[in-house]
Each structure stands twice: as C-alpha cells, then as structure tokens.
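Data first, discussion second: the structure below is written as structure tokens.
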Amino acid sequence: MGDGGGANWWQLGADAEPSCEWQELKTDEGLTYFYNIRTNETQWDRPPELMTAEHQAQSGDWVWLPDNVECFIPARVETRGYGGSKASLRTSDGRVVDVAENKLATYATLQWSSLQRIVPDLTLLDDMNPAMILHNLKQRFEKDQIYTNIGTILISINPYCRLPLYTPDVIDEYENRGLKEMPPHVYNIAHNALVGIKETIDNQSVIVSGESGAGKTEATKQVLSYIAAVSGSVGNIEEKILLANPILETFGNAKTLRNNNSSRFGKYIQVYLNKAGELCGSTTQNFLLEKVRVVQPAQGERNFHIFYQLTEACSANDRARFGLGRAADYFYTMQSNCTTVPGIDDATDYADMLGAMDAIGFAPAERDALLQCTAAILHLGNVVFQATGDKQCSIVNPDSLEWGARLLGVDAQALSRCMTRRTLKIRGQGDTAVLLSEDQAFDSRDALSKFIYAAMFDWIVGRINQAMSVQSGDRPRSIGILDIFGFEVFDLNSFEQLCINFTNERLQQFFNANTFKLEEELYTMEGIKFDHVAYIDNQPMVDLLTQKPLGIMNLLDEEVVVPQGSDAKFLGKISEHHASHPNFQKGGGNGQQFTIIHYAGKVVYDVAGFLEKNRDTLTPDAMALLNGSSLKFVADMFSQSENMSAKDRKVTLGKQFRNQLDTLMSTLHTTTPHYIRCVKPNDDKRPKTFVSRNCYEQLLFSGVFEAVQIRKKGFPFRQKHADFLNRYRVIFPDRSYASCEALLRDLNLPAANVRLGRTMVLYRSDEFKKLELQRSITVRKVEIVDELKQLIAQDPAKMPDDTARERYFERLSKAVRTASEFKLDAPVCLKAREMLLAFIESRMDDKTKALLEHGLASRDKCALQNAIAEADLHEYNTKLVRQCKKLLDRIVRIESEAEAALALLEEKHMSAVVNSAKEAGYWNETIDYYRQVLEQPPRERLKIQMKQAVATGNTARAIRLTIQMKNSIFADQADMFSMSKCGIVKTPDDWAGEKMLSLNRDKLRTEMLFWVDSDIHAPLTVLPDTASSTPKDTNKLALLAFRSLQAFMGDRKSDKAFQEGYSVVTLGHSRPDLRDEIYVQTIKQLTRNPDPESCRKGWQLLGGCLASFPPSTSFENFLEVWLRLNAQNKDYLGALHSICYNGAQPVACTEAQLGNVTVLLRERTEAYAEKLPTGPPSYDDLLQPFDLTVDELEFKRKTPAYQKPGSRNVSRVAETSTTPKPTLSTRATQQAQFQQKVVFVVPHALAL
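All you need for the numbering used here is the position in the sequence shown, starting with 1, plus 8.
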C-alpha cells in the first residue's frame, strides 16, 4: 500500500464529485481566493456556498472601534442608535460597547472577510485606513513575515530574534527571480537599486529610517550583504565593506533602554560600482555622533561598546600599558549602573573588531593609538575636583590625571591647568588666566573627553574610507545607504531631538517631492495623461527652523555669541518672533518649553541646556595642548583644529549639522531613492511581540499612512511591455499576442485604471489582483495537465512492485480529481481518468459488485443500504459505488421530504416529492397518495388540505385555506350573498309595514338600507328570541343602539358621542342576539352616506365590532361579500375571518383600541398571515435535475454525496410524530376516499 493512508487513498475515487462548484485556492503569495469551476469566475470574497456557521455568524455591519490598547478593534454593529439613543457594538473579543450614533458615523467601516485577506503590499488593501494597515502588518508579523511593501517602499518590523531570511539560498532566489514576483524583503530593495544602476543613468540611494531599536543597522547590513554577494568586487572590496561594520558598531553603538546595539550616529554609506557592475570602493559620511554619551550615559544604558570591550578583553600587556581595570572601576562606565548586557559577549566582539581592523588594513600603531586614547578617556573620567576657594578648585586624585596625561602624550600639569582654568584673551591686552569653579572644572573635563572621542570617531571613519577608496580611473556609479534616526518624541525633548526631527522634516520633504516628482516624470516619459496631485509641502516647517535671520536654529546660534546669552533669552526671542506661525506654540510646562507642530505631530521641547549643547567648543588652551601631544596620533587629529580661525572654531554644533545635512540632501537629490521604514514592535525587546500602540505611533510619525495614500492615488504597479506580455499572455493559452495592446483589449480592464505607456504598462491594485487571480487559475490548469502527461507516460506494469504501483495510482487519483474540480476535458485528462477507473474497478470482488448492481436496478432502499455497507467494509469507492450512494441519498431525501410534506400537504412540496421520485424511479404509498391529491380539482384539493390543517391544529393555515375556498366560491356566486337575499334581514315591505302611521311608506321601503339622519322605527333584522329578554326590550335596545351609532358617526348631536359608539360595541359583545342587527345598522349608515367624516367614523365603529364579536353563521357570508365590495382595506376582511374562526373575544376591545382601530385590525389580520420563509425551501435540492451519471462533473448543494438515513435535518416542518398521516391502505380505498364529499370542519365555515 502507498503512503497516503493505505487502501483509503482511492476512497475518493477517480471522478468524485466536488462538494461545491466554488473552490478555495491560494495565490503564489498565499492569499486565499475563490474560483468557480463552472463559470470560471474568480473573487476574493467567500461565496455563500462555502459559508460555514462561523462565517455566517460574522455577517452584518462592522466598524473599527478605537481602543486604548490595540488602537483599533473590529466591532459589529448590533443595534443602531436612533432618537438620541446609543448604538450597541460587539467587539471581536466579545465585549459590548455603547457609543453615540454620531460618533459611530466617524468610525471606519470594514467587511469581516477583509480581515482574513492579508496582503504583502498595502496598496492591495480593500480599505485604505490606518486600522486596516495596522491589522495587516500585525497579522503578517505574527507569521514571521516581518517585511511588507507599499509599492516600492518597504516596511520592516524588528522581530528581536533570528529568522532564516538571510541565507545564501535566499540571496540566490532573489537574484535569479526571472519574472517571478518575490515576497517583500530587504533584498528586493537592494536588487532594485542594482537594477537601477544598470538600467538608468542615475545613482541610487536607500534611505533606512526608524527609531532606535527598529532594526535600521541590521537592514543596512543586509542591503550591503546583498549588493556585495551579487556584485562581486575589485580587490576584495565587498569583504572590507562588510568588515567595516564591526568597527563602526564598536565605537559608534551602545546599549540603550530600547536597543542593545543602538547606533548613536547617523551614516551615509556610498558603495561604488565600476562599468562591469563590480564593487570598487566605498565611503562613509557620519553625522550627529551622540558625544554626550561618553560622559553621561542614561541610567540603565551603557557608554559606547568600546569602553566595555577594552576593559573586559584587552591583552595583559595592554592592560598594564594602559593602567586599566574593569568597567566598574571607571566613572564614565559605571555611573549608569549597567556594565554588562545579557546576549552581548564583549570579549568576542572585541576580538571581531580587532580582526576587522587588521583585515581592512589598520596599522598596528594606529590600532594601539585608538585603544590608548580610549583608555585615556576612562582615566580622565575618574579625575575628581575639589573646591579650594571662591571659583577655584584643585584635583583630588593625581593618579588618574597622570594616567590620562601619559596616555594622551601631554604634560600632567598642563593638563591640570587646562581643566581648572581658562585663558581669557582681551584685544590690546595680555592673556588673563581665569580660574574655574569645581562644577566648571568637571564640565571642562567632560568637554575634553567628548572632543577627543568625537575626533577619534571621525578619524576611524576617514581611515575606513581611505582603505576602501576607489582605485579605478573610471568614474564609478554609486548606491548610497542612509542609516538615519527616525522621528523622536520623548517625555523630555532637548536639542538632540530638535536636530533629529529637523532631519526627518527634510527627509519627509524629500520623500514627498521625490515621490510625486518621480511619478510625474515617469508618466511624462511614458506619454501618459495624468492629473497633477497636490501634496502637503512642509517647507513652512523647514523655514521656521532655518530661514535666515529669524529661524529657530539661527536665533540659537546668535544667542551663543551674544554677551550673557541664555536659554531663557533664546526662548523669549523665538516666542516673540514666531508666536503667529502655524507650526509654533509658545509656553507650557515648566516655563522653559516651546512646541513645534511637525509633519508627524506635536513635540514639546525643553530649552534647558540648548546653548551649551549647541556651543560644542573646546577651549584654545585644550586645543593647543592636544595639538602639542607627543603622541603623533593625537597631535595629527587636532592639528587642523589648531590652524582654524577663531571664527571657524566657533561654528556651532547646529550649524555644523545643518551644513552636513545640506550636503547630504544635495547628494540624495542626484539619486533615485528607495525607502525602508523600520518599525520597533515593542519597548521591551521581546521576541515576536507586536504592541499595536507602539507600531501605530511609529507608522504615523514616519508618514507610512500618507505614503500608502500617495501610492494608491497613482499607478503603483508597472511592468515593461515584454514582461507584462510574458506574464499575462498565459491567461489566454489558445491565443497569440504580438503586442500588449491586443492583450489589454482581451483582458477588458477598466480604462481609467490602466495606462499603456511607451515602454511600460501601468495599472492599479484592483487590476493587479484581477490579473494575478486569472493568471493563477490558468497556470494551475497548465500544471495539472503537465502532471497528468508525466503520469500517463509511465507504465504501471513495468513498476518493480505493488507498493510502487499503489503510489503511482495514488498520485494519479489526486491529479485526476484535481482535473475534475477544474472541469478540464483535455484528451490527457480523459485518458488518465480511464486508466484510473479501470484500475479501481479491477479491485472490486464479485459478491459486492453483484449486490451493488442489484440495488441500483431494483431501486430498493434496503438493498442499496446493504450493498453500500458491504462496499464500505472493503473501502470501495468505484463509479458503481458512487452511483448507488447517489441514488440512496436521493431516496433518503425523497422519503424525508415526503414525510415532511404531510404536515401541510402543500402543492409545491408534494409536487417536488412526486417529480423527484419519478426522476429517480422510486415509489411508495405516501408518494402515490400525493400523486392522487395533486390530480384532484382545485376545490377538492383545498378540502383535503383544510381537513389536514384542522387535524393538526394549524389554525392560521385553516383560516387561510378557508379564505382560499371562499375566494373560489365568491368569484362564481357572489350575487347569492347580496343583502336582499339574506334571510335574517327583513324585506323592505315588511320593515316599512311596521311603521304604524306613515305617509311615505314607499320611501321607507326604498331607503331601508340607506343612510338616514333620523331614527328608525323598527329593527332591520329578524331578532331571535332569548330567554333573558322580552322581544319588546330587545327591540328597544336595537333602536337605542341605532341612535348611539348615529351619535358616534356625527349624524345626531351628542356630548358623549364616542362613549355612545363604544356602548354599541360592548352591547354587541354582550348580546349575541343583537350582533347581526348592529352590523346591518352600520352597513345602512355607510351606504350612500354624503358625509366623508361620518363614513370614517362608521368604518371605525365597524372595525371595533369586527375585533370584538362575530356575526352569526347565517349572516357571516353576506357580511363578507359586502366587505369585499366596500371595505376600505383588506384588514376588515381579515378581522372578519379571524373573529369568525376564533369566536368572540373574551372582552370587547377597549376605548383606546377603538380610537386606534386601524392598528387593532392589522394585528388581528397578521395573526394568521402566512410567514413566508426567508431562505429556500427544505426540498430545494429535489428541484434540481437528477441522474446517475458520475463520470461527468456534477454540482450540488454543500451536502455530502452520501448520508446515512435520517442524518439530514429538515427545516420548516412540524415534528413528524405530531402530524396525523392519512390512511394509506390500498389504492382502491384511497380512490373511494377521494370520491366522498369532504366538508369543512372549521367554526362558521360554509357547508358546501
């Protein structure tokens, strides 16, 4: 037997029927879609046929409910709020939330099915809103899909763990992709940059941004790794580029609260490629190194890695030469109470860094000098000052001073003077020494340490650039990678955050302008008409910071040089000059703050320390000291600074940074940019943990939501003509295409969403999805046919053993079944099916086959059940088995519906059973009974149905059938029931004759049943005798009733008209002998009544009577005919049927009900109205054509092909145990029954 479940593999058979014409499939990207194998239709939404109970439970209106934790959570609208009430929502996790209706209107809507459609490119989303974007990213992240596209922009979410995404095999897959659409990856960005270098004249750039801990450094590494692996190099440059990382990370990275390996500087790395596409050099530009970390790392963080690596792992010789202890021995490394980090091996990293220096070409003397200066900084940090008087101090521990001086190659006393005093130069006078206080001395020490470290770092970057300089004489092309800090907003934001956020303002401006510019340039180049899309330009924000002379950073530079400048004065100036600027807000907090409204949101800045941080200068004394160092390395680092003019030395840090940024932006403007937006999923560095609030804020601040909108507005999908033709021509395998134009014409895509350019086809996301679905189906069909060709080319007889043959036919079975699902009828499919059927049939034993053939021929249910049980025992599922199961399933369904139809004897239900039984060749007594019922004339059939309704206690149906019967009779014989023929109504002669003295007896006779505004002299009907009242009293009550009727209708004046009318209703309810009289009196006053208002009141009173008491059986039909001819609406007739069937109500209607009689009549009518089913009838499947063909593809409702008897639930019928079954003895007896006259057995019904 094969591996696929032993003998069970062929249980599905060669031509098993698909349970539904819709098939659930997946695209190459893993997206679920649905394909109709009958119509070839494709769609994203799950069709009703595949809806499970869970899917159906999610129907209704859904919205994104704002949530404090998840930001947004799906919620279904349970009830709407009207008239000021609140709407009720049920969240996807089961909570019920009430919200105001006007607030609900502001929530983004969604379809539940869209939550399951997770896309690799956000431009493919059905709904483009922040909630859906966040949901999509979270779902992908939880499946280890950390990369997502926005067109050509990549979002990267840090998983805080290693994933198998960066192997050589993965690089090879992305490099050699051909026409295949690759999943989002950092390698895609690198690949696109390389393609841009080869196919365009522009240099390329990759802009990597995100906050600390978002994975920018790792993304940069992987971009470089891909470029190096794919391009090769001259002189082993690609290895040097990668080896530069450990060096830069050692001196430029640190452990922070957010990231154990956080880059504390920005860098722009340019890799150069020669004409052959090989790497031939690289340069790195660094900016905004976080120098303050050298002297003051935050609590729980570390200084730069080098300090801990050096103290932990330096050689014994170096430890002795440098006088080094451990990290805990030095103020600069221990003050933050964090010297070791789990997961960081300082010794290993130190060895890697030294190895990288050797490989790149650092001389041993250069390496030793770097380490020596690093050790000197540690010793300087341990120098302690003590006040010795007013504004003067001395050094307490000269040993640390001596070590620092020795390692820097300077005199210890000169170093001491440099830190405890400064020289004041006054024009026209000699130099003056100014003593420093204890605090000022500490500041001086720290400034010296920061400057030495910053100079070292600049030297390292320069040395790396020197090692990787371009050797070729050719002018190379470049790919630049910008690893830049993202937008920052903390509880306390200072000068550093202002510089960082200004950088991001410039980059966002570049992104907006460049995105639209590139799009429009492409459209122009392709000759495509387009509407210019206006975008938000943040130039006013940039001007607020840098426009001369009053930009915030310009005013800060000015405050540094003016006498007695201060942070407070700076704040006052910017508040005065920019109070009316839309992006500036003054005041707030502790009085030292101002607010800037950046593109990403508001940021409150605290000006404390702004001036000192911006000043960033070293005293001339310290500069001269270092320039005169005996250590060449130190002297060379500061020789250029010594030769600088005083003006150049006073250039502020802000000015330096702006100059660097201007240069960077100029460089970027000459490139074609690619973007990687890095996102930090949580603050605790927990692996695979997505905190929605964190991610939402970063997406907001990085402009991702705007980027999605920008891409969506244009044509985010574009391919070269040849690529488009090669990819999508397979949709029409029987046609050949010489051009994209012809293919597009056959694809019939909306012209508004597709553009045919000179070299490219551009289209939008909906068209992309449609094309990919159509292509996926076609490719799948081709794959199925190819597989079948390979299979039938093999000869099972030549296979080595039964196991091999079994596996072969198992594969063949699966392939044939798939071909059947796709309705493939190619010759190879038919041949494969024949092979498989022959093999399967050959496995059946003779006994089972005989049982099956007998069951199929006899149409006997028991024989079929026995045969199928035998086949199941052997796990047979051949064509013959499936035919028997199909027939048995049909018989079971026929019997089930035959039993169900007894409850109502409904014609459609019986017809469905009879016709289906005839189609299947099956018969039983119940079905024969139905056939005879259906053959009866309509009125006879109604009598039978009426009898069954009464027998089952189905009052509402009995009433409805009574009405149908009366409709039939009255249609032919309505004139039989005119008032003049009613036996209880007096004849006009008799009634007129009861007037003792009358001169107008003829008029009385003529107008007996017409409206009058006078009294009547006698009752209009023959009143029955009663034991409780004398005829005289009864007559008197009848005449009083008429006067009350007139009062109610306004035909006679009365102060209590309504009460008098209500008394008529109560009288009729309490006196059955007066009911017909009251009805006839009302009819009289409604006939030829000239007053519309009087008529309205008359109908109102008649309605109250119909809701309270019935007419007599003798008068019932006459009243009904009159109502049919005269009633204002059908509710009067309905109320009559209801009161006649149910009898008088226990109490008369109330006065309130009489006042609103329209509603009352509607309620009585609806009580017996037929409740039509909302879905298809239970016997709907019996209406479908039936035959025993299983070789051809058949479609049916989503039910199993075979069910055991009694397994199907039948809806919309009463329990069969309570349904009386008509006697079904013999055909002769049944025929005799039908010859008998069937009489209605309902109260007040006609005996016809």
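C-beta atoms are modelled at their ideal positions from N, C-alpha and C, and glycine is treated no differently.
Please work out which residues of its chain come closer than 6 Å, Cβ to Cβ, to F459, disregarding the five sequence neighbours upstream and downstream, and give them in chain order. Closer than 6 Å at Cβ, skipping near neighbours: L626.
Quick one: any contact between the region 197 to 214 and the region 670 to 686, if contact means 3 or more CB pairs under 8 Å? Yes, since at least three Cβ pairs between the region 197 to 214 and the region 670 to 686 fall closer than 8 Å, the two stretches touch.
In three-state terms, what does DSSP make of C28? Reduced to three states, the DSSP call for C28 is coil.
Across the region 1039 to 1046 and the region 1116 to 1126, are there enough close Cβ pairs to call them in contact, namely three or more that are closer than 8 Å? With a cut-off of 8 Å, the region 1116 to 1126 and the region 1039 to 1046 do not count as touching, because too few Cβ pairs lie within range.
If you drop the 5 nearest sequence neighbours on each side, which residues of the same chain put their C-beta closer than 6 Å to that of I165? Cβ within range, chain order: F149, I154, V687 and P689.
If you draw a straight line from the alpha carbon of R301 to that of F312, how long is it in whole angstroms? For the pair R301 and F312, the Cα-to-Cα distance works out to about 7 Å.
Would you grab the beta carbon distance between G513 and H606 for me? Rounded to a whole angstrom, and I think it's under 8 Å. At residue 513 the sequence reads Glu, which differs from the Gly that was named. About 6 Å; that satisfies the 8 Å criterion.
In or out: H540 buried (at least 16 other Cβ within 10 Å) or exposed? So H540 ends up on the exposed side.
For the region 618 to 701, list the beta strand (DSSP E) runs that are entirely contained and at least 3 residues long, ordered along the chain. List check, beta strand (DSSP E) in window: 679 to 687.
Provide the residue span of the beta strand (DSSP E) that contains A982, from first to last. Note, A982: premise wrong, no beta strand (DSSP E); not H, not E.
Counting C-beta neighbours from all protein chains within 10 Å, is the total for M954 16 or more, i.e. buried, or is it exposed? Its Cβ being crowded by 16 or more others within 10 Å, M954 is buried.
Evaluate V993 with the Cβ neighbour count: other Cβ atoms within 10 Å of its Cβ, from every protein chain shown; 16 or more gives buried, anything less gives exposed. Buried, since its Cβ has 16 or more Cβ neighbours within 10 Å.
Separation of Y736 from Y234, as counted between CA atoms: Each residue's Cα considered, the two are about 30 Å apart.
In three-state DSSP terms, what is P406? If DSSP states are grouped into helix, strand and coil, P406 belongs with the helices.
For C322, is the classification buried or exposed, using 16 other Cβ atoms within 10 angstroms of its Cβ as the cut-off for buried? It counts as buried.
Give the DSSP-derived three-state secondary structure of C288 in the structure shown. For C288, the secondary structure class from DSSP, reduced to helix, strand or coil, is strand.
Beta carbon of N509 nearer than 8 Å to that of F495: Contact: yes.
Inter-residue CB distance, L1053 and Y1087 (contact presumed, cutoff 8 Å): No, L1053 and Y1087 are not in contact; Cβ-Cβ is about 11 Å, not under 8 Å.
Taking only the alpha-carbon atoms, compute the straight-line gap between D1139 and Y90 and give it to the nearest angstrom. Each residue's Cα considered, the two are about 30 Å apart.
Taking the alpha carbon of W72 as the point to measure from, which residue in C870, N390 and A116 has its own alpha carbon closest? Checked all of C870, N390 and A116; the closest Cα to W72 is A116.
So if DSSP puts H606 in a beta bridge, which residue, or which two residues, is it bridged to? DSSP lists G609 as partners of H606.
With 16 other Cβ atoms within 10 Å as the buried cut-off, status of Q1089: Result: buried.
Beta-carbon spacing of K263, V349 below 8 Å: In this structure, V349 lies closer than 8 Å to K263 by Cβ.
Between V4 and the rest of its own chain, which residues show a CB-CB distance below 7 Å, the 5 nearest in sequence each way excluded? The requested residue 4 is not part of the displayed model; the chain covers only 9 to 1256.
With respect to the alpha helix (DSSP H) encompassing Y1187, which residues constitute its N-terminal and C-terminal limits? Careful: Y1187 lies outside any alpha helix (DSSP H) and carries neither H nor E.
Only counting the same chain, and skipping five residues up and downstream in sequence, which positions put a Cβ closer than 7 Å to that of E1101? Within the same chain, E1101 has close Cβ partners G1058.
Does F725 come out as helix, strand or coil in the three-state DSSP assignment? In the structure shown, F725 falls within a strand segment according to DSSP collapsed to helix, strand and coil.
Any alpha helix (DSSP H) of 4 or more consecutive residues that is wholly inside the region 719 to 799: The region 719 to 799 contains these whole alpha helix (DSSP H) runs: 729 to 736 and 748 to 755.
Give me the residue from A463, G488, F465 and I536 with the minimum Cα distance to M768. Comparing Cα positions, the closest option is I536.
Apply the 10 Å Cβ neighbour rule to A1143 and answer buried if 16 or more other Cβ atoms are within range, or exposed otherwise. With at least 16 other beta carbons inside 10 angstroms of its own, A1143 counts as buried.
Taking DSSP as the reference, what is the three-state secondary structure of S574? In this structure, S574 counts as coil in the three-state DSSP scheme.
Going by DSSP, what residue range makes up the beta strand (DSSP E) through E86? DSSP places E86 in the uninterrupted beta strand (DSSP E) bounded by C79 to T87.
Would you mind working out which of I935, E780 and V568 sits nearest Q621, comparing C-alpha positions? The residue asked about is misnamed: residue 621 is Lys in this sequence, not Gln. Of the listed residues, the one whose Cα sits closest to K621 is V568.
For L132, does the three-state DSSP call read helix, strand or coil? L132 falls in the helix class under three-state DSSP.
DSSP three-state assignment for T934, whether helix, strand or coil: Here T934 sits in helix by DSSP.
Quick check: the region 270 to 280 against the region 385 to 396, are at least 3 beta-carbon pairs closer than 8 Å? In the pairwise beta carbon analysis, the region 385 to 396 is classified as not touching the region 270 to 280: fewer than three pairs are separated by under 8 Å.
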